[in-house]
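Mapping of the sequence shown onto my numbering: residues 104 to 233, in sequence order. We treat Cβ as the ideally placed atom computed from N, Cα and C, and that holds for glycine.
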Amino acid sequence: MAKTISRTRLWVARIMSWLVILFMLFDGVFKLIQPAPVVEGTLVLGFAQHHIALLGILAIISTVLYALPRTAVLGAILLTGYFGGVIATQVRVDAPLLTHTLFAVYLAILAWGGLWLRDERVRNLFSPVD
């Protein structure tokens, strides 16, 4: 039986989730459009130009799955994998820790936190077993 949640909690969950969704859609679309700064930045990270569109498609698919309530958990899992790749890439190029390397961790916390606040099934995954 689903429990109701407060309006405040629901809105906090939505804001957290939508911050991730908007950022990732923005990132994915710009990887598809490939303006010069995106291409230059991605090449500096060690990727070939032909990888940029694929990264954008993966980001968009994962984000759309996260945005849809029925597939939100699958989307969160895929986004977590994507974020793991981002972290590994930033570590490999010795990027600054708090601003670059951990940015994907911040997004993952927002994504899972938003899901945890609004979805009882996710809360049950992380609750202690009696």
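Relative to the C-alpha of Trp114, which residue among Leu228, Leu218, Arg226 and Arg224 is closest? Leu218
What residue range does the alpha helix (DSSP H) around Asp130 cover? Here the alpha helix (DSSP H) through Asp130 covers Arg110 to Ile136.
Environment of Phe186 [buried if 16+ CB atoms lie within 10 Å]: buried
Rounded straight-line distance, which links the Cα of Thr107 to that of Phe133: Here the alpha carbons of Thr107 and Phe133 stand approximately 38 Å from one another.
Counting C-beta neighbours from all protein chains within 10 Å, is the total for Pro120 16 or more, i.e. buried, or is it exposed? One detail in the question is off: residue 120 reads as Ser in this sequence, not Pro. So Ser120 counts as buried.
Taking only the alpha-carbon atoms, compute the straight-line gap between Ile163 and Leu181 and give it to the nearest angstrom. Distance between the alpha carbons of Ile163 and Leu181 is about 11 Å.
Residue of Thr192, Thr145 and Met127 minimising C-alpha distance to Tyr169: It is Met127 whose Cα lies nearest to the Cα of Tyr169.
Looking at the unbroken alpha helix (DSSP H) that takes in Thr192, where does it start and where does it end? Ala175 to Arg195
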